[in-house]
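Notes to accompany the following structure.
In the UniProt record's numbering, the protein residues as written are 1 to 445.
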């Protein structure tokens with residue numbers, strides 16, 4: 001459709017929530033996925049992705065004509081679609097549910113999860129989404145990790161949804177106080193493409209990870225590290241570590257302090273290096289590790305596999321339960337995370353840490369398993385891994401997921417192999433976003 005004929009704004013009545021942070025509306029029979037709305041609202045929405053032959057359109061709410069009783073004032077101006085529209089700008093991503101009260105956010109997430117479960121997994125059940133223990137009343141300050149782009153001029157910035165535009169930011173209300181206290185907004189990051197920050201939930205020195213632009217000189221990185229230290233000293237009064245990470249060469253360079261942070265969960269200490277994966281919500285490691293421990297009830301002497309194991313967050317409590325007469329296979333694809341796991345699990349002789357693709361490792365490690373835990377990336381485990389796990393014939397499977405669609409799809413394949421969903425818990429570990437985390441227990445009847 002030529003641009004001059006394309007409608008820019010539509011008046012829409014909003015229907016149910018959809019996976020991915022959207023809400024469903026219809027215009028002349030065409031589905032429109034609308035962000036920053038609520039079920040039952042009538043809104044004016046601005047098209048962001050449309051075409052005559054497109055199966056669906058995308059739009060952002062720019063005006064609320066009839067508001068839901070669950071709509072609240074957004075806590076963060078740069079992410080507020082209505083305020084952004086008033087300035088003819090797009091809102092930054094990362095807080096797309098900030099206009100919804102927390103209780104309603106969780107109800108919506110439960111409905112989304114249940115819909116995915118039924119449509120892709122063939123399981124029909126209601127889903128209640130649990131708040132994290134000791135969650136703040138406003139749902140802010142929970143992120144122990146934050147990632148930023150760098151705008152021209154060297155200031156931290158974030159992208160709007162599905163946009164390459166960069167919008168400088170001066171704060172991140174979802175981030176922990178320790179991250180905001182670093183005052184990184186005052187640092188000139190010219191020479192960097194991205195900046196990632198980790199602040200341990202239990203305290204300790206934060207780590208600022210700088211991803212340099214191609215060709216950035218070491219002197220520039222040294223200057224950035226010095227500026228980060230100055231800003232942090234003025235803000236938090238806390239020693240801050242700075243490192244540079246080359247994602248192409250997988251090289252981590254210490255610039256100031258350490259290249260890792262120390263985290264804790266269920267009484268175990270974990271070293272997490274550089275860009276290594278760790279749960280983001282301050283309560284997530286304890287919440288999920290406890291759910292795994294209680295849900296799988298590993299017994300002394302059992303053979304266990306922890307797949308997509310990262311730095312060993314779940315391997316440690318599984319190994320403690322299996323005891324020295326048991327055996328725990330910890331599999332992780334990332335070389336850096338595997339190195340962390342070897343250090344973190346050194347005191348468990350019953351643990352075998354293997355770095356490599358999960359499907360290839362399972363193919364070479366034959367033999368029965370008693371318990372399998374998997375925590376795959378957002379894309380899920382995939383049919384091959386599902387079939388390999390099923391062939392190993394464990395008594396119980398635990399599945400941690402950050403995406404209800406890929407989990408439900410994998411669950412459908414498990415069900416084809418004779419497994420049933422025995423228990424499911426869904427946690428709101430990403431308040432003010434559409435994301436959620438789940439832990440499922442699967443058994444054969």
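We put the beta carbon where it would ideally sit given N, CA and C, even for glycine.
Reduced DSSP secondary structure (H/G/I, E/B, other) of residue i
i: residue 379; result: coil
i: residue 369; result: coil
i: residue 419; result: coil
i: residue 260; result: strand
i: residue 358; result: helix
i: residue 306; result: strand
i: residue 2; result: A caution first: residue 2 carries a pLDDT of 39, below 50, which makes its placement in the model unreliable, though a value can still be read off. Correct three-state label for residue 2: coil.
i: residue 126; result: coil
i: residue 330; result: strand
i: residue 428; result: strand
i: residue 16; result: coil
i: residue 400; result: strand
i: residue 286; result: helix
i: residue 387; result: helix
i: residue 413; result: helix
i: residue 315; result: helix
i: residue 152; result: coil
i: residue 26; result: strand
i: residue 444; result: coil
i: residue 45; result: strand
i: residue 408; result: helix
i: residue 160; result: strand
i: residue 321; result: helix
i: residue 392; result: helix
i: residue 50; result: coil
i: residue 131; result: strand
i: residue 120; result: helix
Supposed close pair residue i, residue j - CB separation, criterion 8 Å
i: residue 158; j: residue 94; result: 6 Å
i: residue 14; j: residue 31; result: About 12 Å; that fails the 8 Å criterion.
i: residue 287; j: residue 427; result: 6 Å
i: residue 308; j: residue 374; result: 6 Å
i: residue 126; j: residue 114; result: 6 Å
i: residue 108; j: residue 19; result: The Cβ separation is near 11 Å, so there is no contact.
i: residue 263; j: residue 200; result: 5 Å
i: residue 215; j: residue 439; result: Not confirmed; about 44 Å, so no contact.
i: residue 228; j: residue 187; result: 6 Å
Member of the options whose CA lies at the smallest distance from the CA of residue i
i: residue 383; options: 395, 365, 372, 413; result: 413
i: residue 59; options: 279, 81, 155; result: 81
i: residue 138; options: 431, 37, 444, 68; result: 431
i: residue 261; options: 203, 407, 169; result: 203
i: residue 370; options: 132, 398, 331; result: 398
i: residue 50; options: 9, 442, 87, 201; result: 9
i: residue 256; options: 86, 388, 210, 248; result: 210
i: residue 420; options: 390, 199, 265, 175; result: 390
i: residue 354; options: 365, 331, 279, 347; result: 331
i: residue 245; options: 232, 239, 259; result: 259
i: residue 63; options: 54, 42, 78; result: 42
i: residue 304; options: 372, 296, 297; result: 372
i: residue 394; options: 417, 410, 334, 281; result: 417
i: residue 116; options: 425, 404, 162; result: 404
i: residue 182; options: 161, 141, 230, 142; result: 230
i: residue 206; options: 186, 178, 194, 185; result: 178
i: residue 40; options: 379, 68, 61; result: 68
i: residue 122; options: 409, 301, 444; result: 409
i: residue 251; options: 263, 273, 240, 239; result: 273
i: residue 191; options: 175, 153, 167, 198; result: 153
i: residue 310; options: 277, 264, 321; result: 277
i: residue 23; options: 441, 444, 434, 422; result: 434
i: residue 141; options: 282, 346, 225; result: 282
i: residue 96; options: 61, 180, 129; result: 61
For residue i: DSSP bridge partner residues
i: residue 136; result: None, per the DSSP bridge assignment.
i: residue 39; result: Beta-bridge pairing links residue 39 to no other residue.
i: residue 300; result: Partner(s): none; residue 300 has no beta bridge.
i: residue 253; result: 244
i: residue 268; result: 265
i: residue 438; result: 401, 426
i: residue 147; result: 196
i: residue 292; result: Beta-bridge pairing links residue 292 to no other residue.
i: residue 277; result: BP columns for residue 277 are empty, so no partner.
Closer than 7 Å: residue i CB and nearest the ligand NAP heavy atom
i: residue 13; result: Although the ligand NAP was asked about, the structure shown includes no ligands whatsoever.
Open item on the list: I'd like the ranges of any alpha helix (DSSP H) spanning at least 4 consecutive residues and lying wholly in the stretch 167–241.
Closed with: 177–180, 218–235
- [ ] Taking only runs that begin and end inside the stretch 52–117, name each unbroken beta strand (DSSP E) of 3 or more residues, in chain order.
- [x] 56–66
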